[in-house]
Amino acid sequence: AQSVTQLGSHVSVSEGALVLLRCNYSSSVPPYLFWYVQYPNQGLQLLLKYTSAATLVKGINGFEAEFKKSETSFHLTKPSAHMSDAAEYFCAVSPSNDYKLSFGAGTTVTVRA
Amino acid sequence: KAGVTQTPRYLIKTRGQQVTLSCSPISGHRSVSWYQQTPGQGLQFLFEYFSETQRNKGNFPGRFSGRQFSNSRSEMNVSTLELGDSALYLCASSLGGGRYEQFFGPGTRLTVL
Numbered sequence: 001a002q003s004v005t006q007l008g009s010h011v012s013v014s015e016g017a018l019v020l021l022r023c024n025y026s027s028s029v030p031p032y033l034f035w036y037v038q039y040p041n042q043g044l045q046l047l048l049k050y051t052s053a054a055t056l057v058k059g060i061n062g063f064e065a066e067f068k069k070s071e072t073s074f075h076l077t078k079p080s081a082h083m084s085d086a087a088e089y090f091c092a093v094s095p096s097n098d099y100k101l102s103f104g105a106g107t108t109v110t111v112r113a
Numbered sequence: 001k002a003g004v005t006q007t008p009r010y011l012i013k014t015r016g017q018q019v020t021l022s023c024s025p026i027s028g029h030r031s032v033s034w035y036q037q038t039p040g041q042g043l044q045f046l047f048e049y050f051s052e053t054q055r056n057k058g059n060f061p062g063r064f065s066g067r068q069f070s071n072s073r074s075e076m077n078v079s080t081l082e083l084g085d086s087a088l089y090l091c092a093s094s095l096g097g098g099r100y101e102q103f104f105g106p107g108t109r110l111t112v113l
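In structure tokens:
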């Protein structure tokens, strides 16, 4: 079974600082990987996805993630945090032969002025 | 293109009642998935439908059921509601399996009293 581990349930960064959110997955074969963001009282919005093409994936709002097979990781980064980045972020995995997403527990990001 | 819509947005029920939630996918999407989001359990997969067929089901009791219509719209039903069913229920649509991103609706907030 697929599983996803997000290290750190809360991350606090200063405006303009690097945002780094960690995600590790367990899978015998590289799955499809996704990062979603959720703002309060809203659904999930896709930030980016990895589907076995380039290992460095660029997404919306300046976010990017790097797939590292040897480390089974898919960490999300943004060089410079903005106040609008305050939200909850979810890493998700989908096996290549399945139709469901398995989510990590989520990381809440707060941005300090 | 219109996004995923869910109705109603908010619902209050009492224990023992049943409830039906509705989801209209993005035009052209034939896959609809349902997820339950709670503070304690996070995001959990309920089931996925494609062309009116349930392809995958999560680990939920039989009180949770769903269906998909020929126009890809989907409903989920929860019978004999329990307090623990209070959650945000999210619907997501996609073109198909694993590698395709899922687009989420705003969710239905169910409160069971």
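Chains A and B are the protein sequences, given in the same order.
Heads up: the first sequence is residues 1 to 113, going by my numbering.
Heads up: the second sequence is residues 1 to 113, going by my numbering.
Idealized CB from N, CA, C, for every residue including glycine.
Mind checking if N56/B is an interface residue toward chain A, Cβ cutoff 7 Å exclusive?
The residue given as residue 56/B occupies position 56 in the second sequence. So yes, N56/B belongs to the interface.
Among the residues of its own chain, which have a CB less than 6 Å from the CB of L113/B, if the five just before and after it don't count?
On the second sequence, position 113 is the one that residue 113/B refers to. Answer for L113/B: T14, listed in chain order.
Compile a chain-ordered list of the residues in the segment 31-58 of chain A whose CB is closer than 7 Å to at least one CB of chain B.
Close to chain B, meaning a Cβ-Cβ distance shorter than 7 Å, are the following residues of the segment 31-58 of chain A: Y32, F34, Q42, G43, L44, L46, K49, T51.
Can you pull the chain A residues whose beta carbon is under 7 Å from the beta carbon of P39/B, in chain order?
Start at 1 with the first residue of the second sequence, and residue 39/B comes out as number 39. The contacting residues do not exist; P39/B stays about 10 Å from chain A at best.
For the candidate residues T7/B, K1/B, G3/B, A2/B, whose alpha-carbon lies nearest to that of G107/B?
As a working note, residue 107/B is residue 107 in the second sequence. The candidate whose alpha carbon is nearest that of G107/B is T7/B.
What residue range is occupied by the uninterrupted beta strand (DSSP E) comprising F69/B?
Your numbering for residue 69/B matches position 69 in the second sequence. Segment: none, F69/B is in no beta strand (DSSP E) and carries neither H nor E.
Reduced DSSP category for L18/A - H, G, I as helix; E, B as strand; rest coil
Position 18 of the first sequence, counting from 1, holds the residue named residue 18/A. In the structure shown, L18/A adopts coil according to DSSP, grouped into three states.
DSSP-derived helix/strand/coil call for S70/A
What you label residue 70/A is simply residue 70 of the first sequence in a count that begins at 1. Correct three-state label for S70/A: helix.
Under 8 Å by beta carbon: chain B residues contacting K100/A
In the first sequence, residue 100/A corresponds to position 100, counting from 1. By Cβ distance, chain B contributes S33, F45, E48, N56, G58.
Note down the Cα distance separating S3/A from K1/B, rounded to an integer number of angstroms.
Sequence index remark: in the first sequence, residue 3/A carries index 3 (1-based). Sequence index remark: in the second sequence, residue 1/B carries index 1 (1-based). Distance between the alpha carbons of S3/A and K1/B is about 33 Å.
For F63/A, go through chain B and note every residue whose CB falls closer than 7 Å to its CB, in chain order.
For the purposes of this step, residue 63/A is identified with residue 63 of the first sequence, where counting begins at 1. Going along chain B, no residue has its Cβ under 7 Å from F63/A, so there is no contact; the nearest lies around 15 Å.
Would F69/B be called buried (16 or more neighbouring beta carbons within 10 Å of its own) or exposed?
Within the second sequence, numbered from 1, the residue matching residue 69/B stands at position 69. Counting Cβ neighbours within 10 Å, F69/B comes out exposed, since fewer than 16 surround it.
Tell me which residue opens and which closes the beta strand (DSSP E) that L90/B is part of.
By 1-based counting over the second sequence, the position of residue 90/B is 90. Looking at the DSSP string, the run of the beta strand (DSSP E) that includes L90/B is 87-94.
Bridge partners - A81/A, DSSP secondary structure assignment
Counting from 1 along the first sequence, the entry for residue 81/A is found at position 81. Bridge partners of A81/A: none, in fact.
Nearest residue (CA-CA) to L11/B, options V78/B, R63/B, W34/B, Q41/B:
For the purposes of this step, residue 11/B is identified with residue 11 of the second sequence, where counting begins at 1. Closest option to L11/B, Cα to Cα, is V78/B.
Under 9 Å Cβ-Cβ, which residues of chain B neighbour G106/A?
Within the first sequence, residue 106/A is the residue found at index 106, counting from 1. Residues of chain B with a Cβ closer than 9 Å to the Cβ of G106/A are, in chain order, G42, L43.
CB contact flag (T110/A, A81/A, <7 Å)
Your numbering for residue 110/A matches position 110 in the first sequence. Your numbering for residue 81/A matches position 81 in the first sequence. Taking 7 Å as the cut-off, the Cβ atoms of T110/A and A81/A do not count as close.
Neighbour flag for F103/A against chain B, beta carbons, 7 Å
Counting from one through the first sequence, the residue named residue 103/A turns up at place 103. Yes - at least one Cβ of chain B is within 7 Å of the one on F103/A.
Whole-angstrom distance between L7/A and P39/B, CA atom to CA atom:
Your numbering for residue 39/B matches position 39 in the second sequence. Your numbering for residue 7/A matches position 7 in the first sequence. Rounded to the nearest angstrom, the gap between the Cα atoms of P39/B and L7/A is 17 Å.
Going by C-alpha to C-alpha distance, which of F50/B, L81/B, L83/B sits closest to W34/B?
Walking along the second sequence from the start, residue 34/B turns up at place 34. Closest by alpha carbon: F50/B.
What's the C-alpha gap between G62/B and N56/B?
On the second sequence, position 62 is the one that residue 62/B refers to. On the second sequence, position 56 is the one that residue 56/B refers to. Spanning the alpha carbons of G62/B and N56/B requires a straight line of approximately 14 Å.
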